[in-house]
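Trainee: Attaching a single structure in structure tokens format; questions to follow.
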Amino acid sequence: MNVTLRVWRQENGDHAGRMVTYPVDGVSPDMSFLEVLDVLNERLTLAGEDPVAFDSDCREGICGSCGLVINGVAHGPKELVTACQLPMRTFADGEVIEVEPWRAGPFPVIKDLVVDRGALDRIIQAGGYISSPTGTAPEAHSVLVPKRDADAAFDAATCIGCGACVAACPNGSAALFLGAKITHLGLLPQGQPERRSRALGMIGQHDAEGFGGCTQIGECTAVCPKGIQMHVISRYHRDVLGALRHRDT
Amino acid sequence: MTTANPTRSGPRARAARSTVALKAVMAVTGLIMVLFLLAHMYGNLKLFEGWTAFDDYAHHLRTMGEPYLPYGGGLWIIRVVLLASVGAHIWAAAVLWARSRRATGGRGGGRYESPRARRGVQRSYASFTMRWGGVTVALFVAYHLLHLTSNTIHPGGASSSPYERTVNGFEIWWVVVSYTAAMLAIGLHLRHGFWSSFATLGANTSLRRRQQLNAWAVVVALVITIGFLVPPYAVLLGWVG
Ligand code: HEM
Ligand code: SF4
Ligand code: FES
């Protein structure tokens, strides 16, 4: 199949960017979207032009490095996949496909399709540590975790920190990411001692980075490759509001 | 262990000024206003019991709580709570609006070059209209108070009887049209706002609960919109007069 890519090209944060059109032929429907960018970059390099910068690492949907807004939708039109796992058969032969970087105040563009997502790392950092004995693995039955909690914590822990939720949010909020992280630790016994200080620290950092507030619209859940659901947001709100009610936190 | 920090930049202080705290203010004040609207709607429907019942009810609002409260005292307490709620709601909305604009380069959901998903993937029309719809509602409230509470503007003729003021006003088609537009704006605001307030306060605990809260939001929005529209149309169509 043949496609036409319209790609955001931007030298760096100091220069304005623009969309540039590149026809790409000989695309196999089984290629992933990133492989088409690889093909394009090979041709650009051979022609002596600057290849398109984009992030990727695992290419199997688990690391959260890749992040592209494809046809206006974070991670593209297919639900529950990252850009690296998006197969080209999702698109029509001859389709014009628009490719842009994540856009949010706290995600400055570094070059082309690469943005700095360090803000998400700093939110994690602001959550602090958890109290957990180290050394040999404890006996599995010494701390009981109800199956429901274990499952829900695991579901939340599948968040790969890609930032698609921010890219899609009309408020530029990282609420889904924050909710996933707070839920995953807050449901487990190991997460209890610092539960309140973690919630306060993380929401403070979230806002200090310049992310917007959640208005419960849910665009984040429509693009999240891991299917994280909106109740994690309600849960972190409860933890923040609960911590604010306790003077000793 | 404590991480208590008395300074303005400590984690507690930062969280107390956070988007979550501001949104909780919006949720609580919004729900107070919803309670008021339900009571107000009930009062309006007294129009169907006739002139005396309606005017008695309006008078009753001013004498409730007597002799513990002076004439009009109960009503003034409600007015102060409502005014504080409206003020806090609008203030929090403005602060959060500004933060959202900053986080999205002032372009919200329309910040991508591609025009293909400007309306998002799944968002509702009601969620689009929260901010400008809210402003519409606020302008309407000002007009409405001047019309039926303070008796400053009186389309159709002034009167000392609340019943007569209402009927005079709603016999005019453009008053009913503007009132209808405002009620639709409130309906949309509550369709998203009612669900959003509960989710904000932590009540959205599962996918099922999310569906239930959204169903309740539709019911509340419909009841309030229809409940407020019945009296003016009854007047316009001559069922009440
Ligand atoms: C100038 C007037 C107003 C403005 C600018 C405004 C704006 C907003 C905004 C931006 C939200 C949050 C939206 C979201 O979650 O997506 C909201 C929520 C809400 N509004 Fe208003 N509003 C106004 C007046 C009112 C009035 C008169 C009512 C009375 C019923 C009301 C009831 C609510 C409720 C119940 C919520 C849900 C609270 C929440 O989302 O946490 N609002 N409003
Ligand atoms: S919640 Fe989903 S979209 Fe957001 S960072 Fe985690 S995996 Fe990505
Ligand atoms: S490259 Fe690792 S998730 Fe896409």
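Here the protein sequences come in this chain order: S and Z.
Be aware that the first sequence starts at 1265, since it is given in this note's numbering, and climbs by one per residue.
Be aware that the second sequence starts at 2, since it is given in this note's numbering, and climbs by one per residue.
We treat Cβ as the ideally placed atom computed from N, Cα and C, and that holds for glycine.
1. If you draw a straight line from the C-alpha of Phe37/Z to the C-alpha of Val82/Z, how long is it?
2. Between the beta-carbon of Phe195/Z and the beta-carbon of Val221/Z, is there less than 8 Å?
3. Ile225/Z and Met27/Z - do their beta-carbons sit closer together than 8 Å?
4. In whole angstroms, give me the CA-to-CA distance for Thr181/Z and Glu1483/S.
5. Evaluate the contact criterion for the stretch 1452-1459 of chain S versus the stretch 118-128 of chain Z: three or more CB pairs, one atom per stretch, below 8 Å.
6. Taking 6 Å as the limit, tell me which residues put their C-beta closer than that to any heavy atom of the ligand SF4, in chain order.
7. With a cut-off of 8 Å on the beta carbons, I'd call Val1430/S and Trp1366/S a contact; round off their distance for me.
8. Find the residues of chain Z that neighbour Ile1481/S, judging by a C-beta separation of less than 7 Å, and give them in chain order.
9. List the residues of chain S whose Cβ lies closer than 7 Å to the Cβ of His97/Z, in chain order.
10. What residues in its chain sit with their C-beta under 8 Å from that of Glu1359/S, if we drop five residues either side in the sequence?
11. Would Met131/Z count as contacting chain S if we go by Cβ distances under 8 Å?
12. Cβ of Ala1347/S within 7 Å of any heavy atom in the ligand FES?
13. Give, in chain order, every residue of the stretch 104-125 of chain Z whose Cβ lies closer than 9 Å to some Cβ of chain S.
14. Leaving out five residues on either side along the sequence, give the residues of the same chain with a beta carbon under 7 Å from the beta carbon of Gly158/Z.
15. Using a beta-carbon distance below 8 Å, is Pro71/Z in contact with chain C?
16. Check for me: the beta strand (DSSP E) holding Met1241/S runs from which residue to which?
17. If you draw a straight line from the C-alpha of Asp1413/S to the C-alpha of Asn205/Z, how long is it?
18. Is the distance from the Cβ of Arg1386/S to the Cβ of Gln1469/S below 8 Å?
19. Distance, Cα to Cα, Ala1421/S vs Leu1442/S?
20. Between Pro1372/S and the rest of its own chain, which residues show a CB-CB distance below 8 Å, the 5 nearest in sequence each way excluded?
Mentor: Result, derived from the coordinates:
1. Taking the straight line from one Cα to the other gives about 10 Å.
2. Yes. Within cutoff.
3. For the pair Met27/Z and Ile225/Z, the CB atoms are not nearer than the 8 Å cut-off.
4. Between Thr181/Z and Glu1483/S, the C-alpha separation is close to 30 Å.
5. Note that the stretch 1452-1459 of chain S does not touch the stretch 118-128 of chain Z; fewer than 3 beta-carbon pairs, one per stretch, sit closer than 8 Å.
6. My final list is Cys1423/S, Ile1424/S, Gly1425/S, Cys1426/S, Gly1427/S, Ala1428/S, Cys1429/S, Leu1440/S, Phe1441/S, Ala1444/S, Cys1488/S, Pro1489/S, Lys1490/S, Ile1492/S.
7. The pair is a contact, with the Cβ atoms about 7 Å apart (cut-off 8 Å).
8. Close partners of Ile1481/S in chain Z (Cβ separation under 7 Å): Arg124, Ser128.
9. In the sequence on display, residue 97/Z carries Leu and not His. Chain-order list of chain S residues neighbouring Leu97/Z: Gly1477, by C-beta distance under 7 Å.
10. If the five residues before and after Glu1359/S are omitted, its C-beta is found closer than 8 Å to the C-beta atoms of Val1267, Thr1268, all from its own chain and listed in chain order.
11. The beta carbon of Met131/Z falls within 8 Å of a beta carbon belonging to chain S, placing the residue at that interface.
12. True, at least one ligand heavy atom lies under 7 Å from that Cβ.
13. From the stretch 104-125 of chain Z, only Ala104, Thr105, Gly106, Arg108, Gly109, Gly110, Gly111, Arg112, Tyr113, Glu114, Ser115, Pro116, Arg117, Ala118, Arg119, Gly121, Val122, Gln123, Arg124, Ser125 have a Cβ closer than 9 Å to chain S.
14. Within the same chain, Asn169 come within 7 Å of Gly158/Z by CB-CB distance, once the 5 residues on both sides are set aside.
15. In the structure shown, chain C cannot be found, because the protein chains are S and Z.
16. Because chain S is modelled from 1265 through 1513, residue 1241/S falls outside the range shown and cannot be assessed.
17. Roughly 16 Å between the two C-alpha positions.
18. Yes, the Cβ-Cβ distance between Arg1386/S and Gln1469/S is below 8 Å.
19. For the pair Ala1421/S and Leu1442/S, the Cα-to-Cα distance works out to about 11 Å.
20. So the qualifying residues of the chain are Gly1277, Val1379, Asp1380.
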